[in-house]
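Chains as they are written, first to last, in our numbering: chain A, 3 to 315; chain B, 3 to 315.
Below is one structure, written out as structure tokens; the observations come after it.
There are 2 protein chains.
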Amino acid sequence: MKIAVNLMGGDNSPGEIIKGCSKFINEIPSDELILYGTESVTEIPEFNILSSYDRVEFIKRDSAVRMDENPLVIKNEKSESCVTGIMRAVADGKADCAFSCGNSGATILSAITNIGMKPEISNVSLMSFIPVYRKDAPTGIIDVGALGNRPFEADTYFELAKLASDFYSSFFGNQSPSISILNIGTESWKGSKEHRKLFTLLKESDLNFYGNIEGDELLKGSSDIIICGGFTGNVILKLLESFYDICSEQKNKIDCDKENNFLNFIIEEFSYESIGGAPLLGIDGKVVLGHGKSTGEAVSSGLNFCREYVQKS
Amino acid sequence: MKIAVNLMGGDNSPGEIIKGCSKFINEIPSDELILYGTESVTEIPEFNILSSYDRVEFIKRDSAVRMDENPLVIKNEKSESCVTGIMRAVADGKADCAFSCGNSGATILSAITNIGMKPEISNVSLMSFIPVYRKDAPTGIIDVGALGNRPFEADTYFELAKLASDFYSSFFGNQSPSISILNIGTESWKGSKEHRKLFTLLKESDLNFYGNIEGDELLKGSSDIIICGGFTGNVILKLLESFYDICSEQKNKIDCDKENNFLNFIIEEFSYESIGGAPLLGIDGKVVLGHGKSTGEAVSSGLNFCREYVQKS
């Protein structure tokens, strides 16, 4: 299989992206990478080692979207940038999956523009995963950013719930994953009018609807998929990441056995390096976003995520 | 000073509310409590000991609002319930502050109906506090529930930011507390149209505006007050509480010295028992909400919060 990678996306690009690709190509004996980068990468020694592999192809592009740039640049002056390259590779059947660590807005917009949405789908959504203590599979959350600027609307999220259920089912082998709505109370009448409408839509659907959950249930594994607005989802994900940062910072200060330690669970499981990828649901092709802060380790996990995604569906 | 307490509010009422009041009255030598409860409390031995104090007055009411009841009952069949009693006590100048652990909706509605809002204020907001590692004063968050069903609107939250700044300033002795907006990115153009409008309003105001922060900054103490929509705020607060629950559950399993342990910091600081109260800003009188799950310990902290609130403003 072939994965198209944007070398120029992410706060630590291209260095950490190159590191992650090198780790992946060394560990996985068969898969191929198509790397999109600007001229500048050819001056990096590690890139030159990476690009010398038979299973690695490099395609030079003239521009790259910066992390702080308005995503709309991909519509105009940066329409031929690296992120466009990875999307076209998927659209043309040259790659099985596209991977980019940002700029998220530009990546999402580029996927919509170049690959397009699935038939009868009107929105895309980023699904991310949070660690759940004592549960085999992580909990998926939609949306965590793609719809962050938009108000929460029942019809949109009902459509996305079906996409999320299909993804979770094929990726984690769970025939009928349970779905809940994140709300400010468990009762069916809680939240806004749109929350109540979504409650009814899910309850009357064929999906395995669990009901409303509150914030304190997020980490308790009560359901496989949690639906929440893009704004709240984005905040939750970043808050959980900060736990990882804070705990990691404390690790060396603690005078205790590091084995079987709950703090260790937080450090290992809450690390965004461990999953490394969030699928962009609703696109008529496979697109995975990595975290903007991705290290080489996270990029390598993200590419492994792409690999499983292609294999399992 | 006198605090009016709703004995019938909270998941563990009246038992834990009575416990908390007993602890408070034993520890604080001068303040008085006015307790509102139904006939049923008079059968509880602990209540009878409590009500025998000179500094405790008991006022019997015929009804109490259940935690799962629609808040609107206080407008009709339960207009003379215990929660109405504590609000009237404040409105009539009989008590300096009202305290109730729920039902939140009924408590807020009752405060608006019986005490009313401050002049030129069109909304009320619940301000809660989150622990911040290595920072003396906690971070205040508005809103965390009062506006949970409402969309995020710039004018509303700008008005609330001023109330929050005044409260923080007098309560924590910080002349010019810094204020940030919780958003999905730090750039001024991030979030919805209303987020951008609020950014401009705060930037052009006399308030000490820090800018936008993301979810991973919530616990890092970058600013004193964080403004976020009631829905997201409610979710964040409950998520943080779940950390307390999960960590507490793990405490006994960990084979390490419990002193100077970061896990201990989480357990102690993330406990809703440690602050115990959220002021209802915008009301023309002092009203404090306790957590629905409050234990006696949390109720006692909540009453101490009421005491400081009255003393400091």
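Backbone N, C-alpha and C define an ideal beta-carbon position, used for all residues, glycine too.
Expressed to the nearest angstrom, what Euclidean distance is found between the alpha-carbon atoms of residue i and residue j?
| i | j | result |
| --- | --- | --- |
| B/N262 | B/K21 | In this prediction, B/N262 has a pLDDT of 46, which is less than 50 and means its spatial position is unreliable; nothing more can be read from the coordinates. |
| B/G95 | B/F101 | 15 Å |
| A/V85 | A/D33 | 21 Å |
| B/N210 | B/T202 | 13 Å |
| B/D208 | B/I144 | 19 Å |
| A/R309 | B/E310 | 58 Å |
| A/F174 | A/A139 | 7 Å |
| B/S15 | B/L162 | 31 Å |
| B/T141 | B/S250 | 22 Å |
| B/I27 | B/L35 | 8 Å |
| A/T115 | A/G12 | 21 Å |
| A/K260 | A/F245 | Its pLDDT being 49, under 50, A/K260 is placed unreliably by the model, and nothing is read from it. |
| B/D226 | B/S180 | 5 Å |
| B/A166 | A/S53 | 56 Å |
| A/F160 | A/C99 | 25 Å |
| B/M10 | B/S302 | 15 Å |
| A/L184 | B/V58 | 42 Å |
| B/V7 | B/I88 | 6 Å |
| A/S194 | B/G231 | 13 Å |
| B/I186 | B/F49 | 49 Å |
| B/F131 | B/E243 | 11 Å |
| B/D70 | B/G104 | 10 Å |
| B/G284 | A/N78 | 47 Å |
| A/I51 | A/S296 | 21 Å |
Looking at the C-beta of residue i, does it have a partner C-beta in chain A at a distance below 8 Å?
| i | result |
| --- | --- |
| B/D218 | yes |
| B/T234 | yes |
| B/L221 | yes |
| B/V75 | no |
| B/E71 | no |
| B/D13 | no |
| B/G142 | no |
| B/E189 | yes |
| B/V237 | yes |
| B/I248 | yes |
| B/S225 | no |
| B/I186 | yes |
| B/G147 | yes |
| B/S102 | no |
| B/G193 | yes |
Is the Cβ of residue i closer than 8 Å to any Cβ of chain B?
| i | result |
| --- | --- |
| A/V85 | no |
| A/V92 | no |
| A/I117 | no |
| A/I88 | no |
| A/T79 | In the sequence under discussion, the amino acid at residue 79 of chain A is Glu, which differs from the Thr named in the question. Chain B, which has no Cβ nearer than 8 Å to the Cβ of A/E79, makes this no. |
| A/P153 | yes |
| A/S244 | yes |
| A/S130 | no |
| A/G278 | no |
| A/T297 | no |
| A/S302 | no |
| A/G150 | yes |
| A/L241 | yes |
| A/L291 | no |
Looking only at DSSP bridge pairs, what is residue i linked to?
| i | result |
| --- | --- |
| B/Y38 | B/N8, B/I61 |
| A/N210 | A/S180 |
| B/I215 | B/L184 |
| B/I285 | B/M119 |
| A/S83 | A/S65 |
| B/L291 | B/S102, B/A280 |
What is the residue span of the beta strand (DSSP E) that residue i lies within?
| i | result |
| --- | --- |
| B/L379 | This structure does not reach residue 379 of chain B, given that chain B is present from 3 up to 315, and the question cannot be answered. |
| A/I330 | Examination of residue 330 of chain A is not possible in this model, given that chain A is present from 3 through 315 alone. |
Between which two residues does the alpha helix (DSSP H) harbouring residue i extend?
| i | result |
| --- | --- |
| A/V67 | Taken as a continuous stretch (DSSP letters only), A/V67 belongs to no alpha helix (DSSP H), as it is neither H nor E. |
| B/A166 | 156–174 |
| B/K192 | Segment: none, B/K192 is in no alpha helix (DSSP H) and carries neither H nor E. |
| B/L305 | 298–314 |
| A/G321 | What the structure shows of chain A is the stretch from 3 to 315, and residue 321 of chain A is not part of that stretch, so it cannot be assessed. |
Please find out if some non-hydrogen atom of the ligand SAM comes closer than 7 Å to the beta-carbon of residue i.
| i | result |
| --- | --- |
| B/A280 | Summarising the ligand content, the structure contains no ligands, and the ligand SAM is consequently not present. |
**Request:** Please list the segments of the beta strand (DSSP E) lying wholly inside the stretch 85–144 of chain A, counting only runs of 3 or more residues, in order along the chain.
**Result:** Within the stretch 85–144 of chain A, complete beta strand (DSSP E) segments of at least 3 residues are found at 99–102, 127–132, 141–144, given in chain order.
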